[in-house]
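Here's the structure we're looking at; comments come further down.
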Amino acid sequence: MFETLQPLPQDPILQLMQTFREDNRPDKVDLGIGVYKDDAGNTPIMAAVHEAERRLLEGETTKSYVGPAGSTGFNSAMAELILGSNSPLVRDGRVSVIQTPGGCGALRMAAEFLRLCKADTKVWVSTPTWANHLPLLGGAGLTIREYPYLNPETLQVDFGAMLETLERADAGDVVLLHGCCHNPSGADLSLAQWQEVTSLIQRKGLLPFVDMAYQGLGEGLDADAAGLRHLASAVPEMLIAGSCSKNFGLYRERTGALALVSETATVNAAATSQLLSVIRSHYSMPPAHGASIVETILGDDDLRAQWQQELNGMCERILHLRHAFAGALSSFGDFEFIARQRGMFSFLGISPEQVGRLRKEHGIYMLESSRVNVAGLNDHVLPQVASALREVLGK
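Everything in the sequence shown is counted per full-length UniProt numbering, starting at 1 for the first residue and increasing by one.
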């Protein structure tokens, strides 16, 4: 059965990881892999996570299944984190949150649920968008359509073109939006733009689907969710995919959540039962450990304060690096857009050939698209990266 299968090319990000590991240069710089890094180049375990795990190890009494919906405590805590502590959606029973294996699990189960609701569902995604959005959604059988998002010349949101294209969407189509810290561009919608998009979605009868993977790493937990919360308050139905990989540092624990917003509590109960049936037929039940960590942290005032202080420190560090990076490059080009953008990622707007020279001649690694992970920088390597860019750009 397997003899006719041909090998597939390696994922470009995984291939870049492998090439970086094999590079023996001591001054090599990794700006490609999309994980948060501290000044030492490590992806640390947060102190609040360490303490929560210690408590879990001491107090855990079972490894039994958690059920398809996951932990009710985790789900309630995530509803509050994403939608706010006093959300009327929660109060009125219009939202249910389901624990999933990471943000990827939330995205794929949402796609499978949408195909169950409507077999020919179309989902509009931004150009560019996170590369894994396409196989996660398209692999479930959804039809992918694209709307322009990033202007490649200015590296800012091309909002007019975005709205013009979404005007062509049909009632019942799904619009995938990045909640904050747009991956891969770092170019976010302003709150005023979120309000315009909300009006368009209401008028056209579209279903919003928000991927909230980086809450807390843009401008803060509440500021990053402001656009999403405005949208959620105005529409009858909505899907939200949440992830704890970045803001809790739980990358390998695969901890995520899928929120389902319905027009009434009665509709929500019926829709949730269908979603749980979809989940049962795929992975059956989610892993428990990461969600237990998050539940422990968000359920304890002291741990929550410690976690939020650590998260704020990560956010402030990224903002500092953005301004420092833009400043370091200002003598030979206009890179101020880096300071205006949010989250871990930005495009430098250089060619694949120049990206290749940076890797070959200077040991500076980034994706061929010139997407860089700003969190991979630090004050020590900034002059090195700036000097290499000046040379490659011929400035």
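We put the CB at the ideal spot given by N, CA and C, even for glycine.
Where residue i falls: helix, strand or coil (DSSP)
i	result
N373	strand
M212	strand
Y149	coil
D222	helix
L176	strand
V392	helix
G73	helix
C181	coil
L166	helix
P128	coil
T198	helix
P383	helix
I45	coil
F248	coil
V235	coil
V267	helix
T61	coil
G105	helix
P88	helix
P135	helix
A40	coil
A79	helix
F113	helix
G186	coil
L191	helix
L217	coil
G227	helix
Whole-angstrom C-beta distance between residue j and residue i, which should lie under 8 Å
i	j	result
F345	P184	5 Å
L303	A48	5 Å
I98	I279	7 Å
T121	T143	7 Å
C180	D224	4 Å
A241	L329	The pair is not a contact, with the Cβ atoms about 34 Å apart (cut-off 8 Å).
P101	G256	7 Å
A265	D11	Their Cβ separation, rounded to whole angstroms, is 42 Å, which puts A265 and D11 out of contact at 8 Å.
K28	Y365	7 Å
L166	W124	7 Å
F335	L393	Actually they do not touch by this definition, with Cβ atoms about 11 Å apart.
L89	V197	Rounded, the Cβ-Cβ distance is 19 Å, inconsistent with contact.
L231	W194	6 Å
G327	R25	So it is not a contact: roughly 26 Å between Cβ atoms.
C104	N132	7 Å
Cutoff 8 Å: residue i Cβ touching any chain C Cβ
i	result
E51	No chain C is part of this structure, which consists of one protein chain only.
According to DSSP, residues forming a beta bridge with residue i
i	result
L258	I98, A241
I144	V123
I364	V29
V157	L150
L207	V174
Q: Ignoring anything shorter than 4 residues or poking outside the region 274 to 360, list the alpha helix (DSSP H) runs there in chain order.
A: The region 274 to 360 contains these whole alpha helix (DSSP H) runs: 289 to 298, 301 to 329, 336 to 340.
Q | Touch test, the region 339 to 358 against the region 184 to 198, Cβ-Cβ under 8 Å, three pairs minimum | A | Counting Cβ pairs under 8 Å, three or more are found: they touch.
Q | Sufficient close CB pairs (3 or more, under 8 Å) joining the region 227 to 245 to the region 57 to 66 | A | Because the criterion of three Cβ pairs below 8 Å is not met, the region 227 to 245 and the region 57 to 66 do not touch.
Q.
So within the region 4 to 38, which uninterrupted alpha helix (DSSP H) runs reach at least 4 residues, ignoring any that extend past its ends?
A. DSSP runs (the alpha helix (DSSP H)) wholly in the region 4 to 38: 12 to 22.
(Q) Does the region 12 to 29 come into contact with the region 280 to 298, if we say contact requires no fewer than three beta-carbon pairs (one atom in each stretch) closer than 8 Å? (A) Three or more beta-carbon pairs separated by less than 8 Å are not found between the region 12 to 29 and the region 280 to 298, which leaves the two stretches without contact.
Q.
For the region 313 to 326 against the region 93 to 112, do three or more pairs of beta-carbon atoms, one drawn from each stretch, fall closer than 8 Å, so that the two count as touching?
A. Because the criterion of three Cβ pairs below 8 Å is not met, the region 313 to 326 and the region 93 to 112 do not touch.
(Q) Could you check whether the region 368 to 386 touches the region 25 to 37, counting it as contact only if at least three pairs of C-beta atoms, one from each stretch, sit closer than 8 Å? (A) Contact holds between the region 368 to 386 and the region 25 to 37, because three or more Cβ pairs, one in each stretch, are under 8 Å apart.
Q: Give a yes or no on contact between the region 376 to 391 and the region 350 to 366, applying the rule of three or more CB pairs nearer than 8 Å.
A: Contact between the region 376 to 391 and the region 350 to 366 is established, with three or more Cβ pairs separated by less than 8 Å.
Q) Is the region 272 to 292 touching the region 65 to 84 in the sense that three or more CB pairs, one from each, lie closer than 8 Å? A) In this structure the region 65 to 84 touches the region 272 to 292; the number of beta carbon pairs closer than 8 Å is three or more.
Q) Does the region 129 to 142 touch the region 99 to 119, meaning 3 or more C-beta pairs lie closer than 8 Å? A) In the pairwise beta carbon analysis, the region 99 to 119 is classified as touching the region 129 to 142: at least three pairs are separated by under 8 Å.
(Q) Measuring CB atoms only, is the region 208 to 218 touching the region 308 to 318, in the sense that at least three cross pairs come out at less than 8 Å? (A) Result yes; three or more Cβ-Cβ pairs closer than 8 Å.
Q. Are at least three pairs of beta-carbons, each pair with one atom in the region 151 to 170 and one in the region 353 to 362, less than 8 Å apart?
A. Using a Cβ-Cβ distance cut-off of 8 Å, the region 151 to 170 and the region 353 to 362 are not in contact, since fewer than three pairs of beta carbons, one from each stretch, lie closer than that value.
Q) Does the region 168 to 180 come within contact of the region 198 to 216, defined as at least 3 CB pairs closer than 8 Å? A) The answer is yes - the region 198 to 216 touches the region 168 to 180, with three or more Cβ pairs under 8 Å.
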